[in-house]
Structure formats: C-alpha cells, structure tokens
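Residue numbers (the working numbering): 10 to 277.
Here is the structure we will look at, set down as structure tokens.
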C-alpha cells in the first residue's frame, strides 16, 4: 500500500473563535487475490462503491483519511492514525479498517471506487452508509446498520440486510433481502429462474419478472397487491398465494405496511 504525505487545511471549527486544522492522507492500495475465492470488506460508517473487474486479479482501493486537530501536528497525526489491514486465511481474505479508540471521533475514511475480480464472492460489513455493487458475479452478502443498497450482478446469489434503506436489485441470482424501512425494486434477469425472497418492514415492493412460467407466489402486503403477468392478473390486498406451472421459482414478497406490485418484463 502506498500512502501520500498528509496535506493540511485551516478551517474554523464550531461557533467559537478557535482555529482548527484538517489533515488528509491519500490511500492507494493493491492487494493480490491469487487463489482467493471470497473477500470481506469490514468498514466504518462510509458510503461504498464496489465494481467487478472481469480481468482483474487484485483488490484495488483508493481514497483518503480525513481528520481534524487543534494544531497542524495533531491533525497530521490523526490523519495517519487509521490504517487498512489485509489478511488472508486459506482461500478467504478480509480487508478491515483499524482506527485507534483515541482517534475515532476525529478521523474519517472516504473511499473512491473499490474494484475486485468479478468472479469472486463478496461480503460487506458496514455501519451506516449507502452501498453500490456492480458487475460482481460471485455471491454477494451485505450487512448494514443503515444505508441504501444497489446491486447489479450477483449471479451466484445475493443476501442483503439493512436496518433502514431502499434496495435496488437487478440480478440473475437467487435473492434473500430484508430492510427495516425502505422501498424495494427487484428486476429478474436471464431466464427468470431465480428466487426472490424479500421483506420490507415499512415500505413497498416493485418486482419485474423475466418469466412467469413456473412461479410459487406468496405475497403479503398491508396495502394493495397488484400482479399483472400473462398467467396471473389480480388486484387484491392482505395475502395472495398461487402456484403456476411446477412452482419451482419462489417469489415470496412481504410488505406488511406497504404495497406489492409484480409485473412481467415489457420487453419480452
């Protein structure tokens, strides 16, 4: 990993006439992933964007540590206090952020786009912050305290949990997702044989299906349930259950305080 020298900017802090300083340390890091199947990112509260690289063989991270301090020296020291720690255990790797307890209130990490090989499995453990993952075709697992989540990919499967935040999922993979508060948009891709098992405790769900040939529909909604496909057309509320064909594709959607809408891809 290569870290550039800190830069310092004077800034006024609070309403008092106290002069404070900001420190910044840029981060540029490359971690080889040869013989690694799965990568976990364990990060502090911050937005995160991860892009899959179809020809890449490394985890590439860029961004900066930002800090404040009562003097140039303390601001610089705070900016240099945080570090990225990369560890491997067999075919699993983890990138974690380490910030000393004494510096946690004055240091922030802001990451630019993170890239990983597109075929690796990806886990994201984060506190608060929006997460976007695109073109990663391995298994994707995301666990947040709060934050909007967008996933485009995840052919090997998707698992998402956020305490609060909207979900946007476009995938050919089986999906299990939960948000405590937020709306959910789902789009099946490929042949439409992927399960969608999704719950929002407070919000609505909108699902676009690639196929309606073999569905196991189990829908719960506090508001309207609207389904419009070639094989199923209904407007109801409360609960709706029906099997179509051999019923081997689970479309289990729960929105106990919202609406559920299911429709077929209009481009078909």
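Every residue gets a Cβ at the ideal spot worked out from N, C-alpha and C, and that includes glycine.
Where residue i sits in the DSSP three-state scheme
{"i": "residue 81", "result": "helix"}
{"i": "residue 87", "result": "helix"}
{"i": "residue 112", "result": "helix"}
{"i": "residue 53", "result": "coil"}
{"i": "residue 215", "result": "strand"}
{"i": "residue 187", "result": "strand"}
{"i": "residue 245", "result": "strand"}
{"i": "residue 270", "result": "strand"}
{"i": "residue 278", "result": "Nothing can be reported for residue 278: it is not among the residues displayed for the chain, which extend from 10 to 277."}
{"i": "residue 44", "result": "coil"}
{"i": "residue 144", "result": "coil"}
{"i": "residue 263", "result": "strand"}
{"i": "residue 181", "result": "coil"}
{"i": "residue 124", "result": "strand"}
{"i": "residue 65", "result": "coil"}
{"i": "residue 198", "result": "coil"}
{"i": "residue 276", "result": "coil"}
Residue j beta carbon less than 8 Å from that of residue i
{"i": "residue 58", "j": "residue 138", "result": "no"}
{"i": "residue 224", "j": "residue 253", "result": "yes"}
{"i": "residue 121", "j": "residue 148", "result": "no"}
{"i": "residue 72", "j": "residue 36", "result": "yes"}
{"i": "residue 105", "j": "residue 94", "result": "yes"}
Length of the line joining the Cα atoms of residue i and residue j
{"i": "residue 260", "j": "residue 182", "result": "13 Å"}
{"i": "residue 133", "j": "residue 187", "result": "15 Å"}
{"i": "residue 170", "j": "residue 153", "result": "6 Å"}
{"i": "residue 211", "j": "residue 158", "result": "16 Å"}
{"i": "residue 89", "j": "residue 79", "result": "15 Å"}
{"i": "residue 109", "j": "residue 194", "result": "39 Å"}
{"i": "residue 162", "j": "residue 83", "result": "43 Å"}
{"i": "residue 178", "j": "residue 243", "result": "24 Å"}
{"i": "residue 128", "j": "residue 51", "result": "20 Å"}
{"i": "residue 144", "j": "residue 62", "result": "7 Å"}
{"i": "residue 220", "j": "residue 204", "result": "12 Å"}
{"i": "residue 16", "j": "residue 81", "result": "Interpretation of residue 16 is limited by its pLDDT of 40, a score under 50 that renders its predicted location unreliable; no figure is taken from the coordinates."}
{"i": "residue 43", "j": "residue 238", "result": "45 Å"}
{"i": "residue 184", "j": "residue 136", "result": "22 Å"}
Neighbour-count burial assignment, residue i, 16 or more Cβ in a 10 Å radius
{"i": "residue 96", "result": "exposed"}
{"i": "residue 265", "result": "exposed"}
{"i": "residue 257", "result": "exposed"}
{"i": "residue 98", "result": "exposed"}
{"i": "residue 200", "result": "exposed"}
{"i": "residue 41", "result": "exposed"}
{"i": "residue 275", "result": "exposed"}
Cβ separation of residue i and residue j, assumed to be a contact under 8 Å, to the nearest whole Å
{"i": "residue 226", "j": "residue 250", "result": "6 Å"}
{"i": "residue 69", "j": "residue 91", "result": "Not confirmed; about 19 Å, so no contact."}
{"i": "residue 173", "j": "residue 189", "result": "5 Å"}
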